[in-house]
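J.:
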Amino acid sequence: MFEGLSGRLGDVLERLRGKASLSEDDVKDAMREVRVALLEADVALPVVKDFIGTVRARAVGQDVIKSVTPGQMVIKIVHDALVDMLAGRGGAADADPDDSAGDADAKADDDASAPFALDLNATPPVPILMVGLQGSGKTTTTAKIALRLTRTQRKKVLMASLDVQRPAAQHQLAVLGEQTGVDTLSIVMGQKPVAIAKRAMEEGRKGGYDVVMLDTAGRLHIDDDLMQEVAEVRKVTRPAETLLVTDAMIGQDAVVVATEFHEAVGITGIVLTRVDGDSRGGAALSMRAITGRPIKLMGTGEKMDALEDFQPERIAGRILG
Ligand code: GDP
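In our numbering, the protein residues as written are 1 to 321.
1) Which residue comes first and which comes last in the alpha helix (DSSP H) that contains MET213?
2) Any heavy atom of ligand 1 within a distance shorter than 7 angstroms of the CB on VAL245?
3) For PRO127, write down the residues that DSSP places opposite it in a beta bridge.
4) Is LEU320 near PHE310, with beta carbons less than 8 angstroms apart?
5) Taking just the CA atoms, how far does PRO124 sit from ARG318?
6) How far does the beta strand (DSSP E) with GLU229 in it extend, from its first residue to its last?
7) Would you identify the three-state DSSP class for LYS303, choosing helix, strand or coil?
8) For the alpha helix (DSSP H) that ALA87 lies in, which residues bound it at each end?
9) Over the uninterrupted alpha helix (DSSP H) stretch that includes ASP247, give me the two end residues.
10) Hey, out of ALA231, ALA264 and ILE145, whose CA is closest to ASP119's CA?
11) Just how far apart, CA to CA, sit VAL212 and LEU185?
12) Taking the straight line between their C-alpha atoms, what separation do you get for GLU232 and VAL194?
13) Compare the beta carbon distance of GLY88 and LEU158 with 8 angstroms and say whether it is the shorter of the two.
14) Within the continuous beta strand (DSSP E) that includes SER161, where are the two ends?
15) On the DSSP bridge assignment, give the partners of VAL271 in chain order.
16) How would you write the range of the alpha helix (DSSP H) that ALA41 sits in, first residue to last?
17) Any idea if GLY269 is buried or exposed, counting beta-carbon neighbours within 10 angstroms, 16 or more meaning buried?
18) For ARG8, which residues from the same chain have a beta carbon less than 6 angstroms from its beta carbon, with the 5 sequence-adjacent residues on both sides left out?
19) Please name the residue in SER67, ALA57 and VAL68 whose C-alpha comes closest to that of ASP80.
20) Let me know the secondary structure DSSP gives ASP25 once reduced to three states.
21) Closest to VAL188 by C-alpha separation, out of ASP210, VAL164 and MET201, would be which residue?
22) Tell me which same chain residues have a C-beta within less than 8 angstroms of the C-beta of SER279, skipping the five on either side of it?
23) How would you call LEU39, buried or exposed, if buried means at least 16 neighbouring beta carbons within 10 angstroms?
24) I want to know whether the stretch 289-296 touches the stretch 165-173 - three or more CB-CB distances under 8 angstroms.
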């Protein structure tokens with residue numbers, strides 16, 4: 001991810017780094033190039049504008065031009081602004097009135113010592129609801145998270161598929177359960193999603209499970225039925241996390257999907273999948289600022305262990321090389 005952006009920014013900043021002194025025009029030209037690089041990486045325009053505005057204001061405020069190592073200072077300012085953009089501090093995210101938990105989320109994201117990006121502070125069995133469009137990687141991600149909770153957090157996890165739309169979906173989760181050694185709820189044909197969710201929670205309680213992962217149905221498009229179903233399941237299970245799974249490779253469409261899901265059902269975080277195939281990174285860079293919700297995890301491949309925490313510091317480091 002970010003190959004194109006990383007190369008472009010690297011070139012611009014490398015030129016600055018070497019200069020003993022910088023003119024205002026040098027900084028202006030560099031910012032123009034950074035702007036183009038971000039737009040080419042498919043970052044949403046308002047986010048780019050915010051970012052450039054932040055960097056400019058900080059560069060002026062810190063008297064970069066007069067400093068001893070002006071190039072280094074600009075690079076540091078760009079780095080910090082990238083971290084803020086990814087963590088949702090400053091700029092567009094602050095303008096979102098819905099984002100009352102924004103700062104707390106951002107701090108949690110930054111904390112490299114945090115055991116896991118997900119909030120599991122609730123009475124067990126803790127429900128985690130997985131939502132998203134069909135083909136986004138929802139079922140795969142459900143199993144990846146379950147495996148990670150089992151392996152690294154020593155949690156007892158039960159997975160349940162609420163997807164009664166596609167006959168193969170419940171079976172797919174059962175196969176992944178066998179592959180990962182994570183328990184799955186038995187399949188009862190003809191049962192409706194809300195009834196399956198209730199049965200999963202009941203089984204979770206009886207079986208002494210720590211976490212119950214609920215994989216909802218995906219559709220090709222966002223529609224009222226899908227949202228209604230998710231809302232009903234949310235009502236009966238009261239999940240600690242409602243995670244939207246969305247494909248990074250669809251770029252800004254991923255941000256649109258996340259915004260619509262958040263407005264319709266309320267999501268607590270985002271899992272961005274297929275970042276291994278996404279060279280531009282626009283969705284990853286715009287998501288937080290536009291939706292006000294944090295990207296908590298990212299899928300980096302088809303294998304069950306290809307799941308990483310989304311850490312703004314580390315991502316910014318990766319972009320700037
Ligand atoms: P769902 O319809 O949303 O449940 O999607 P699936 O979980 O069935 O995933 C669809 C396809 O995407 C499968 O072939 C997965 O192996 C693949 N997939 C899921 N996540 C990732 C990822 O992070 N990287 C890559 N390369 N493939 C992924």
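No residue lacks a Cβ here, since even glycine has one placed at the ideal position from N, Cα and C.
Keep in mind the model is a prediction, meaning the values are calculated, not measured.
T.: On the basis of the data shown:
1) For MET213, no alpha helix (DSSP H) segment is defined; the enclosing uninterrupted segment is the beta strand (DSSP E) at 211-215.
2) Checking the Cβ of VAL245 against ligand 1 gives yes.
3) Answer by DSSP bridge pairing, in chain order: VAL212.
4) Between LEU320 and PHE310, the gap from beta carbon to beta carbon reaches 8 angstroms or more.
5) ARG318 and PRO124: Cα-Cα distance of roughly 37 angstroms.
6) Per DSSP, GLU229 belongs to no beta strand (DSSP E); it is in the alpha helix (DSSP H), 224-237.
7) Of the three classes helix, strand and coil, the one that applies to LYS303 here is coil, per DSSP.
8) If you look at ALA87, you'll find it in the alpha helix (DSSP H) that goes 70-87.
9) Taken as a continuous stretch (DSSP letters only), ASP247 belongs to no alpha helix (DSSP H), being part of the beta strand (DSSP E) at 241-247.
10) Closest option to ASP119, Cα to Cα, is ILE145.
11) For VAL212 and LEU185, the distance between alpha carbons rounds to 10 angstroms.
12) Each residue's CA atom was taken as its position, placing GLU232 and VAL194 some 7 angstroms apart.
13) Result no, Cβ atoms of GLY88 and LEU158 do not sit closer than 8 angstroms.
14) Where SER161 is concerned, the enclosing beta strand (DSSP E) stretches over 157-161.
15) Answer is VAL245 and LEU297, bridged to VAL271.
16) Counting along the chain, ALA41 falls outside any alpha helix (DSSP H), and DSSP gives it neither H nor E.
17) So GLY269 ends up on the buried side.
18) Closer than 6 angstroms at Cβ, skipping near neighbours: ALA37.
19) Nearest option by C-alpha distance: ALA57.
20) In this structure, ASP25 counts as helix in the three-state DSSP scheme.
21) The candidate whose alpha carbon is nearest that of VAL188 is VAL164.
22) Excluding sequence neighbours, SER279 sits near MET1, PHE2, GLU3 and GLY4.
23) LEU39 comes out exposed.
24) No contact exists between the stretch 289-296 and the stretch 165-173.
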